[in-house]
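Counting from 10, one number per residue, gives the positions in the sequence shown under my numbering.
Even glycine gets a Cβ: it sits at the ideal position worked out from N, Cα and C.
Structure first, then comments.
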Amino acid sequence: MPDSTQWRMDACSIQGDGEWNEDALAVNEAASVYGVVDGATSLSAYRNVEGKTGGYIAAQLAAAHFIAMEGRALEQTAVQANLALQEAMAAEGVDLTDASGRWSAALVIVQIHEFSIDYVQAGDCMLLGKYRDGTLRALTHSQLAHVDKRTVERMQELRAEGVENPAELRRRLMPLLQDNRKRANTLEGYGVLNGDPRFPQFLERGTFNRANLESLYMFTDGLYTGAERWEDVINGLDTHGAEGYARELYRKEQADRLLLEVPRLKVSDDKSCVVLHLDGSN
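See below:
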């Protein structure tokens, strides 16, 4: 593995309005592994004895597998984490026949090699690269974009009918949100780590070379809420740093608590990112 002193890391994970920060950072410098995991807000009322949600547990479990990863490929580690999550849910008596009640997590993880970079991705976590000539490259896409679009359109319909309260909007949207979860790891939906045996078929993976690569950006969907272009997110991270950019976005969302300026399901989602400047520059 290459020496991690060859790059500079800028990372953060800040909690949104939820009871728990359901995001997690996955940093394993010994294996040159870096990434973010985003536990999905549970639609069920499940809490463990410590009061932790299924989304929190899923994110922490997945991140822990990559943090402890040694001598295995990213894909193998993701599959092992998925199996461990299935076992954890079964041990807690979760109804595994109800896809909407499964604990789940999106993720994007990279492993840096001397000449190339491997990655795995599921859900709506994003991986972007910036090259020395300023070119920005999206190496993944949000697998949930079409699902989110359908949800936002329904929200706008409800607003047109006079429903304004965010809590009431979410209550009215719940049947649609449950249907969205049932599309996980199907051809009509998206890939996500949720214990489903079909997950390996929907895990995205790849390898790209390091030639002229300047920086890598990995972030959860809470960090790009309302962004119109990836350039806006990357410029913000480069200018203000990971935590500075995340906290400024959080501030703007709190000023829009009725969800009017930027249509979204919650005031502030958890926000996590890992930025790697591979040549030590900004």
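Review point. Which runs of the beta strand (DSSP E) fall wholly inside the stretch 146 to 183 and span at least 3 residues, in chain order?
Key: none
Check your understanding: Nearest to LEU116 by CA position, among GLY198, SER281 and GLU59, is which residue?
Key -> Walking along the sequence shown from the start, residue 116 turns up at place 107. Of GLY198, SER281 and GLU59, the residue nearest in Cα terms is SER281.
Review point. Going by Cα to Cα distance, which pick from ARG260, LEU70 and ASN189 is closest to GLY48?
Key: By 1-based counting over the sequence shown, the position of residue 48 is 39. With distances taken between Cα atoms, GLY48 lies closest to LEU70.
**Study point:** Coil, strand or helix - ASP133 by DSSP
**Key:** Translated into positions along the sequence shown, residue 133 becomes position 124. Here ASP133 sits in coil by DSSP.
Review point. By Cβ distance, which residues of its chain are closer than 6 Å to GLY102, with the 5 residues on each side in sequence left out?
Key: The residue you call residue 102 lines up with position 93 of the sequence shown. Closer than 6 Å at the Cβ level, and outside the excluded window around GLY102, lies no residue.
Exercise for review: Any chance you could list the alpha helix (DSSP H) runs of at least 4 consecutive residues sitting entirely within the stretch 61 to 117, in chain order?
Suggested key: 63 to 76 and 83 to 100
Review point. Do you know whose CA, among GLU237, LEU167 and LEU246, lies nearest PHE228's CA?
Key: What you label residue 228 is simply residue 219 of the sequence shown in a count that begins at 1. It is LEU246 whose Cα lies nearest to the Cα of PHE228.
Exercise for review: Output the distance between the C-alpha atoms of TRP112 and SER51, rounded to the nearest integer angstrom.
Suggested key: Stepping through the sequence shown from its first residue, residue 112 is reached at position 103. Stepping through the sequence shown from its first residue, residue 51 is reached at position 42. Their Cα atoms are separated by approximately 7 Å.
Point to revise | Buried versus exposed, by CB contacts within 10 Å (16 or more), VAL58 | key: Start at 1 with the first residue of the sequence shown, and residue 58 comes out as number 49. Exposed is the call here.
Review point. Based on the DSSP output, what are the partners of PHE217 in its beta bridges?
Key: Against the sequence shown, residue 217 aligns to sequence position 208. Paired residue(s): ILE126.
Practice item. Enumerate in chain order the residues of its own chain whose CB-to-CB distance from THR216 is below 6 Å, with the five nearest sequence positions on each side excluded. Key: Mapped onto the sequence shown, residue 216 falls at position 207. Contacts found: SER125 and ASP127.
Review point. On the three-pair Cβ rule with 8 Å, is the stretch 184 to 204 touching the stretch 166 to 174?
Key: no
Review point. Where does ARG146 land, buried or exposed, given buried means 16+ other C-beta within 10 angstroms?
Key: On the sequence shown, residue 146 is found 137 positions in, with the first residue counted as 1. So ARG146 ends up on the exposed side.
Point to revise | Residues that ALA17 bridges to, as DSSP identifies them | key: Your numbering for residue 17 matches position 8 in the sequence shown. The sequence given here places Arg at residue 17; Ala does not occur at that position. For ARG17, which the question treats as bridged, DSSP gives the partners HIS286.
Exercise for review: Round the Cβ separation of TYR199 and LEU153 to the nearest angstrom and send it over; I've been treating them as touching at under 8 Å.
Suggested key: Here the question's residue 199 lines up with position 190 in the sequence shown. Here the question's residue 153 lines up with position 144 in the sequence shown. Confirmed, Cβ separation roughly 5 Å.
Check your understanding: Which residue or residues does DSSP assign as beta-bridge partners of GLN120?
Key -> Here the question's residue 120 lines up with position 111 in the sequence shown. Beta-bridge pairing links GLN120 to VAL42 and ASP127.
Check your understanding: Do you know whose CA, among LEU34, ASP142 and ASP104, lies nearest TYR65's CA?
Key -> Here residue 65 is taken as the residue at index 56 of the sequence shown, counted from 1. For the residues LEU34, ASP142 and ASP104, the minimum Cα distance to TYR65 belongs to LEU34.
**Study point:** Nonlocal neighbours in the same chain, by C-beta distance under 7 Å from ASP19, ignoring five residues either side
**Key:** As a first step, residue 19 must be located in the sequence shown, where it is residue number 10. Hits under 7 Å: GLY250, ALA251 and VAL284.
Check your understanding: Are the CB atoms of PRO272 and MET164 nearer to each other than 8 Å?
Key -> The residue given as residue 272 occupies position 263 in the sequence shown. The residue given as residue 164 occupies position 155 in the sequence shown. Going by C-beta atoms, PRO272 is nearer than 8 Å to MET164.
Review point. Can you tell me whether ASN203 is buried or exposed, with buried defined as 16 or more other CB within 10 angstroms of its CB?
Key: Within the sequence shown, numbered from 1, the residue matching residue 203 stands at position 194. Buried, by the Cβ-count rule.
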